[in-house]
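Enquirer: My questions will all concern the structure given below.
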Amino acid sequence: MFDDLQKRLSTAFGRFRARGTLTEANIQDGLREVRTALLEADVNYNVVQEFMARVSEQAVGTLLIKSVRPEQQIVKIVHDELVALMGPADPSIRFEKVGPTILMLCGLQGSGKTTTCGKLAKLLAQQGRKPLLVAADLQRPAAIEQLKVIGGQLQIPVYSEADSNPVKVCQNALAEANRQARDTIILDTAGRLHIDDELMNELSQIEKKVRPHQVFFVCDALTGQDAVASAAAFNEALELNGVIMTKLDGDARGGAALSVRKVTGVPVKFVGRGEKLDKLDAFDPERIVGQILGMGDIVGLVEAAQSVQDQEEALRQQEKLSQGKFDLNDFRKQIGQMKQMGSVRDLVKMIPGLNQMPLDLEGLDADGEVQRISGIIDSMTPAERKNPDIIDISRRRRIATGAGVDPADVSSLVKQFDGMRAFVKQMSQMTMFDKIRAMTGLGKAGAFNPGAKLLAPKQGTGKRLTPKERAKLQKEREKEERRRRRERKNQDGDNGPSPPDRPR
Amino acid sequence: MAIKDLLERFKKGLAKTAQLFNFASWFGRKVDQSFLDELEARLIQADVGVASTSKLVDRVREAYGEKTADENLMEFVKNELKGLLADPRPGTLHVAAQKPSVYLIAGVNGSGKTTSIAKLAQRLKDQGKTILLAACDTFRAAAADQLTIWAERSGSDIVRGAPGADPASVAHDACDRALARSVDVLIVDTAGRLHTQHHLMRELEKIRGILQKKIPGSPHEVLLVLDATNGQNAIRQAEVFTKSIGCTGVILTKLDGTAKGGVVVAVRQTINLPVKFIGVGEAIDDLQPFDADTFVESLFA
């Protein structure tokens, strides 16, 4: 019964598509689906009512006139309105020119304040700031310990006092920051319920006495209708400068983000997407709205890929690829990187089109397949990985035993790898445009069959080449490539100063 | 135009005030679309969710459509909800025939697992039972410290592992100690995890497997800790956790705020998971058995 926003809207808009023409009645039909979807994503009831009123006004107004691809227009209207509702992205924090900048984090219990403090500290440290973490949560048992451990992991100093009061801790922290020449102070305050006057008072006291320059509200993306009430209460007491959404790595749609933004007018600055301390991203309204509307989280996919593959390793591999020296070691590395990006299931979810299909990966253990392949490669000797052609029957049997698979699986992997190597080789000799074209073709062949193994592109149907002949062909191809490169170099030389040598 | 606007606003203001009053202010109104819309709004704002709400609203429409709202209608709605939520054995946990009874506690990050466990331990202690706590949250910084402090306060024994240790190994050691000292109850704390993290869910299954192997028939209760401020995502949480470790009940925390926790209605409707306890404060004795009557009344308060 619980459908996520994405699927729901797809169905709703699919309905528009099916009917062909639009009448006021069926617009309302589809829009009701949109409403349900937003409510199920925990967008605040009043926010939804208002939003729907605006969207349906616009939709009825424009759609009946233009009959061209109405569903696209509806998507556009909903999309634009949602983006407008989220406001412009602004992940910047204003720092004071003189003296340390004090950032204060507040929020409900369990929203993830302490972890977020750590993430924020890490982010700011990467930007060249010198943060000091301050443990002003004297309420929860071991909260100070937690912050200390996080500070230790990040090698960022933590200021704390036992048996003190939060206001005093913050005041003393200021002096400490000056002494240690830290330019940014991050206050981790105790979690509280917004109706707890005593604790809210304590926050106001800190605000009054310590005068933080920025106050951030940490908001749990799982929060339901109550998000608005708590954000409004904190905003009233402290005048918030920004919101940090946490736990967005789950499958919560984060309707709370919409509501909080709409009701308080406070911009969402950052989003937390995981328990690791480097998982704090700048908030991007387009990205979230796109995800909501079923356009897939392509940005997320690209970012995931970028974050696991460090630049140098990428260049090194490029170099190897272009020389056709791609071996099973590299293949294994790439598999490892794929695994770091998340499970195959997670990846599929991020790809537009694929995420709408009733993909039942339950029976199909794509992740297991990946694991099996890496198991096989792990059971090979370095020499075998470098040159799989030396794998004979007895080696194959040994590898199969080591990996706990059938010998046939080993040969099929080697065969697949051969195909892949040929493909990679081909790719490395193509222009960028050809590469894209080839990839699209590959996508058509394999992308909609996630359970299938990497298919080897079909080789010539003639007689099978012996390893010797293959090596000869390879040499020829390499020679050809060297010649081409030389030519290109000469050309560059003719056209004036050559560009800086960039490894391809 | 301007006057009409003003009137509209005035009416809206009035409607809001009316919402602040209890159900009684609805008596005497005709049960028409706007009445049903208001009922819907009230339920959705309590996080009951669209599907569960429309079911309920449909029932009301069938029974009372075009009639006048009176006390009977309110009773009707409340009884529907109470009937749905009532727990056949309110506030009691399954006690194993042979010591120890093992209770496994799980939930997403920040839902209040550790605090709930502390409260539960205190409650059982007050009933004269001996308690052993297993601190299987080896991931979050200082989680075990937090539980240790609580354990001291309630006078319970605790087993903890090194930070980053395999939680299953802590569970294993805890089982050994529980058997050796023949305590009455073993409560297993686990690290918070979002239900979308497959590897962490598998880790949880492994802990459950260890318990089962070491103490046959255990865990005797698997309690899912749900945060009352959570919205519809709680349904997914309940579904996935139940599928993975077979939850037997819910502890609903943070009900001392303004959040109504209406999502447990939807949780009960979709996976029939009863609420066992509610957390209503930060003090160690603030864990109460769930009472459907009070809960339903508060949904409309």
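Going line by line, the protein sequences match chains A and B.
For the first sequence, the working numbering assigns the number 21 to the initial residue and increments by one for each residue that follows.
For the second sequence, the working numbering assigns the number -3 to the initial residue and increments by one for each residue that follows.
Just so you know, even glycine gets a beta-carbon here, dropped at the ideal spot from N, CA and C.
This structure is a prediction, so every number in the text was calculated from the model and none was measured.
Taking beta-carbon pairs under 7 Å, can you tell me which members of the segment 224 to 254 of chain B lie near chain A?
Expert: Listed in sequence order: T225, N226, G227, Q228, N229, I231, R232, K250, D252, G253, T254.
Enquirer: Below 7 Å on C-beta distance, what does D43 (chain B) contact in chain A?
Expert: The contacting residues are G244, Q245.
Enquirer: What residue does the beta strand (DSSP E) around M220 (chain A) start on, and which one ends it?
Expert: Here M220 (chain A) belongs to no beta strand (DSSP E); instead the alpha helix (DSSP H) covers 217 to 230.
Enquirer: Using three-state DSSP, classify C171 (chain B) as helix, strand or coil.
Expert: In this structure, C171 (chain B) counts as helix in the three-state DSSP scheme.
Enquirer: Pick out whichever of A:S112, A:V80, A:D110 has its Cα sitting closest to the Cα of I97 (chain A).
Expert: Selected option, being the one with the closest Cα: A:V80.
Enquirer: Give the DSSP bridge partners of C243 (chain B), in chain order.
Expert: DSSP, once it has assigned bridges, lists no residue as partnering C243 (chain B).
Enquirer: In whole angstroms, what is the alpha-carbon distance linking A193 (chain A) and E218 (chain A)?
Expert: Taking the straight line from one Cα to the other gives about 23 Å.
Enquirer: Interface residues of chain A around G108 (chain B) at Cβ under 8 Å?
Expert: Here the neighbours are Q129, G130.
Enquirer: From the DSSP output, in three-state form, read off Q191 (chain A) for me.
Expert: The answer is helix: DSSP assigns Q191 (chain A) an H, G or I state.
Enquirer: Using DSSP bridges, identify the partner residues of A79 (chain A).
Expert: The partner list for A79 (chain A) (beta bridge, DSSP) is empty, contrary to what the question assumes.
Enquirer: From the beta carbon of Q123 (chain B), is the nearest beta carbon of chain D less than 8 Å away?
Expert: Among the chains of the structure shown, chain D does not appear; the protein chains present are A and B.
Enquirer: Are the beta-carbon atoms of D180 (chain B) and K95 (chain B) separated by less than 8 Å?
Expert: Closer than 8 Å, so yes.
Enquirer: Here's a check: name, in chain order, each residue in its chain whose Cβ is nearer than 8 Å to the Cβ of I226 (chain A), leaving out the five neighbours to either side.
Expert: Around I226 (chain A): M124, A156, P186, V187, C190, L207, T209, P232.
Enquirer: Could you tell me the alpha carbon to alpha carbon distance between K168 (chain A) and L81 (chain B), rounded to whole angstroms?
Expert: Near 43 Å, if we compare the C-alpha coordinates of L81 (chain B) and K168 (chain A).
Enquirer: In the DSSP assignment, find the unbroken beta strand (DSSP E) run with A156 (chain A) in it and report its ends.
Expert: Its beta strand (DSSP E) spans residues 151 to 156.
Enquirer: Between L152 (chain A) and the rest of its own chain, which residues show a CB-CB distance below 8 Å, the 5 nearest in sequence each way excluded?
Expert: Closer than 8 Å at Cβ, skipping near neighbours: P120, I176, P177, V178, Y179, A193, E196, A197, Q200, R202, T204, I205, I206.
Enquirer: Which word fits H168 (chain B), buried or exposed, when buried means at least 16 other C-beta atoms lie within 10 angstroms of its C-beta?
Expert: Its Cβ being crowded by 16 or more others within 10 Å, H168 (chain B) is buried.
Enquirer: So within the segment 135 to 189 of chain B, which uninterrupted beta strand (DSSP E) runs reach at least 3 residues, ignoring any that extend past its ends?
Expert: Entirely contained in the segment 135 to 189 of chain B, the beta strand (DSSP E) runs reaching 3 residues are, in chain order, 153 to 156, 181 to 185.
Enquirer: When you compare the CB positions of I355 (chain A) and V309 (chain A), do they come within less than 8 Å of one another, or not?
Expert: No. Outside cutoff.
Enquirer: So, do the segment 53 to 69 of chain B and the segment 30 to 40 of chain B have three or more beta carbon pairs nearer to each other than 8 Å?
Expert: Contact holds: three or more Cβ-Cβ distances are below 8 Å.
Enquirer: Is K282 (chain A) close to chain B, meaning its C-beta is less than 8 Å from at least one C-beta of that chain?
Expert: With 8 Å as the cut-off, K282 (chain A) does not count as an interface residue toward chain B.
Enquirer: Kindly indicate which three-state DSSP category D100 (chain A) falls into: helix, strand or coil?
Expert: Helix at D100 (chain A).
Enquirer: I'd like to confirm the pairing. Which residues does DSSP put opposite E217 (chain B) in its beta bridges?
Expert: Per DSSP, B:Y99.
Enquirer: What residues in its chain sit with their C-beta under 8 Å from that of G258 (chain B), if we drop five residues either side in the sequence?
Expert: Hits under 8 Å: L39, A42, D43, V44, G45, L295.
Enquirer: Just confirm the distance between the C-beta atoms of K289 (chain A) and D110 (chain A), as a whole number of angstroms; I'd bet it's less than 8 Å.
Expert: With 8 Å as the limit, K289 (chain A) and D110 (chain A) qualify as a contact, their Cβ atoms being about 7 Å apart.
Enquirer: Taking the alpha-carbon of V280 (chain A) as reference, which of A:D271, A:M265, A:N510, A:R293 has the nearest alpha-carbon?
Expert: V280 (chain A) has its Cα closest to that of A:M265, out of A:D271, A:M265, A:N510, A:R293.
Enquirer: Measure the beta-carbon distance from P163 (chain B) to E199 (chain B) and round it to whole angstroms, keeping in mind my assumption that it falls under 8 Å.
Expert: With a Cβ gap of about 6 Å, P163 (chain B) and E199 (chain B) count as contacting.
Enquirer: Would you say the segment 63 to 70 of chain B touches the segment 263 to 280 of chain B, given that touching needs at least three Cβ pairs under 8 Å?
Expert: Flag = no, the segment 63 to 70 of chain B and the segment 263 to 280 of chain B do not touch.
Enquirer: My output table needs one value for I355 (chain A): the three-state DSSP class, helix, strand or coil.
Expert: Here I355 (chain A) sits in helix by DSSP.
Enquirer: When DSSP labels each residue in this structure, what does N349 (chain A) get in the three-state scheme?
Expert: Note: N349 (chain A) maps to helix in three-state DSSP.
Enquirer: The beta strand (DSSP E) with I264 (chain A) in it runs from where to where?
Expert: Note, I264 (chain A): beta strand (DSSP E), 262 to 266.
Enquirer: Would you say K117 (chain A) lies against chain B (beta-carbon separation less than 8 Å)?
Expert: It does not: the Cβ of K117 (chain A) has no partner Cβ on chain B nearer than 8 Å.
Enquirer: Please go through the same chain and pick out, in chain order, the residues whose beta-carbon is closer than 7 Å to the beta-carbon of G422 (chain A), but skip the five residues on each side of it.
Expert: So the list reads S399, once near-sequence residues are dropped.
Enquirer: Which residues, taken in chain order from the segment 146 to 170 of chain A, show a beta carbon closer than 9 Å to some beta carbon of chain B?
Expert: For the segment 146 to 170 of chain A, which is checked against every Cβ of chain B, the residues closer than 9 Å are Q159, R160, P161, A162, A163, I164, E165, Q166, L167, K168, V169, I170.
Enquirer: What residues of chain B sit near T56 (chain A), judged by a beta carbon separation below 8 Å?
Expert: Those within 8 Å of T56 (chain A) in chain B are V46.
Enquirer: Under a Cβ-count criterion, where at least 16 other Cβ atoms within 10 Å of its own Cβ denotes burial, should V73 (chain B) be classed as buried or exposed?
Expert: Buried: at least 16 other Cβ atoms inside 10 Å.
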